[in-house]
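Residue numbers (the working numbering), protein chains in the order written: chain A, 12 to 214; chain B, 12 to 214.
For glycine and all other residues, C-beta sits at the position ideal for the given N, C-alpha and C.
There are 2 protein chains.
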Amino acid sequence: MNKIKTENTETEILIAAKEIFQQKGMAGARMQEIADKAKINKALLHYYYRSKQLLFEAVFKSAFSLLAPQLNKVLNDDSDLFEKIRKFTENYVSFVIKHPYLPNFVVQELNKNPEFVQKLRSEKNFPSIEKFKLQVSDAINQGIIKPIEAEQLFINIISLNIFPFIGEPLLMALVNVDKESYNKILENRKTEVAEFIINSIKI
Amino acid sequence: MNKIKTENTETEILIAAKEIFQQKGMAGARMQEIADKAKINKALLHYYYRSKQLLFEAVFKSAFSLLAPQLNKVLNDDSDLFEKIRKFTENYVSFVIKHPYLPNFVVQELNKNPEFVQKLRSEKNFPSIEKFKLQVSDAINQGIIKPIEAEQLFINIISLNIFPFIGEPLLMALVNVDKESYNKILENRKTEVAEFIINSIKI
DNA sequence: AAATTTGTTAACCAAATGGTTAAACTATAT
DNA sequence: ATATAGTTTAACCATTTGGTTAACAAATTT
């Protein structure tokens, strides 16, 4: 079964590359280290992915395709506004536990390479805010929430959920707790954050 | 004036190193590029700072010593809780405009080097949360705000203020606006964020 | 089963990179 | 003015790094 063997190697490379790139970034990652982790010869990396840049792009796209559905839970889910804020907040913690380096990786590499956004936008499933805008203005018109721009609310939701992970080392130091206590704080945020947001906007 | 000339060169190097390190990170920065930016020979970098690692640490400490006073505006300022939230939120935007890459740099390098926190903690002026904890529990006891853990409130304040900058390329794409419109959104956040927080906690 | 295509490796290469050295230059002290 | 200490540079060096090559191995096709 040639196909299977090939796909295995190709996938092994991508898995190894994900780990290294997500932990060390494009600049800090070494092709040799990826090859070692995938237990293959370095030349095979180039056989399958041509160059470091292309391998990186494959990893980046794959990472974003995991993050996008999470964001769509806020932007394109049909559930009630409050319910979706609660669900997203609770789900997001589990997501990050599964992929600890992923959100930071995406945010970071996008900062170092802002033109990358173009490549993402063209892909299908790229999250769009349009539906969420309608939902927010409906909720305002129905007197469920106070007036707020959908963009601001969205940025708030994302910030409150993502930053505690991206800023973990900094926040841990400032709040002056060890990893175990910080994890408890994050665990509490599963419900705290949603209530914090809802408290702020509900009438 | 030997002293002045020396200090100039040393400072020029630090200024150049800040720019390069903050934009490209430790792994992505090149000593030659720093030398070029400082308009000096590469060997001079080593003459004044010994190694890339030590130059980086000098830059990092200098960066953190700029960020710390900002954080202390939340943690160790004497003003009233609501007032300090309003002031911090408004000030922080100006701070980031002055040092666009700084917060991201600190957060990022701390993630890649969590043991770095130790080196910071030992330094004077390292922000401590103790005073803020008292302030929050006082406000709760006086019935000014709803019960909330000081740590959670602090994380919320920081997240809402810092992430919109760190996540700018991602958020710009998701909210689907250009740089100019995004800047307007950030400008509005100067007041929006504080009201969002206060709305949520006030009784 | 012979030929061909696909997958894999060891050895190699050129460029980049952090760092060093020895000499030259400049300013200060004697 | 001359010796001395501090500053700056060009040239150099060893290692690392992304990438290539040529040969070998394993499937696949004919």
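Looking at C-beta atoms only, is the number of pairs between the stretch 199-212 of chain A and the stretch 157-171 of chain B that lie closer than 8 Å three or more? yes
Given that a residue counts as buried once 16 or more other Cβ atoms are within 10 Å of its Cβ, and exposed if not, what is A:Lys190? exposed
Below-8 Å beta-carbon distance, B:Asn73 vs any chain A residue: Here residue 73 of chain B turns out to be Ser, not Asn, going by the sequence shown. For B:Ser73, the answer is no, since every Cβ of chain A falls outside 8 Å of its Cβ.
Determine whether the Cβ of B:Glu134 lies closer than 8 Å to any Cβ atom of chain A. no
For a contact defined as C-beta to C-beta under 8 Å, what are the partners of B:Arg200 on chain A? Gln163 and Ile166
8 Å Cβ cutoff, A:Pro158 in contact with chain B: no
A:Ser170 touches chain B at which residues, Cβ-Cβ below 7 Å? Ser170, Leu171, Phe174 and Pro175
Using 10 angstroms around the beta-carbon of A:Ile214, count the other beta-carbons present and answer buried if the total reaches 16, otherwise exposed. exposed
Taking a Cβ distance cut-off of 9 Å, strictly less, list which residues of the stretch 200-214 of chain A are near chain B, in chain order. Arg200, Glu203, Val204, Glu206, Phe207, Ile208, Ile209, Asn210, Ser211 and Ile212
Which of the three DSSP states is assigned to B:Ala54 in this structure? helix
Nearest to A:Asn102 (by Cα), restricted to the options A:Leu121, A:Ile168 and A:Gln153: A:Ile168
Start and end residues, alpha helix (DSSP H) containing B:Asp47: Met42 to Ala49
Apart from the five residues just before and just after A:Pro138, which ones in its own chain have a Cβ nearer than 6 Å to its Cβ? Ala79, Leu82, Asn83 and Leu86
Determine, for A:Gln43, whether the minimum Cβ-Cβ distance to residues of chain B falls below 8 Å. no
Quick test of your reading: B:Lys29 and A:Ala38, contact by CB under 8 Å. State the CB separation rounded to the nearest angstrom. About 17 Å separates the two Cβ atoms, so there is no contact after all.
Any beta carbon from chain A within less than 8 Å of B:Asn13's own beta carbon? For B:Asn13, the predicted model reports a pLDDT of 34, less than 50, meaning its position is unreliable; a value from the coordinates is still stated below. With 8 Å as the cut-off, B:Asn13 does not count as an interface residue toward chain A.
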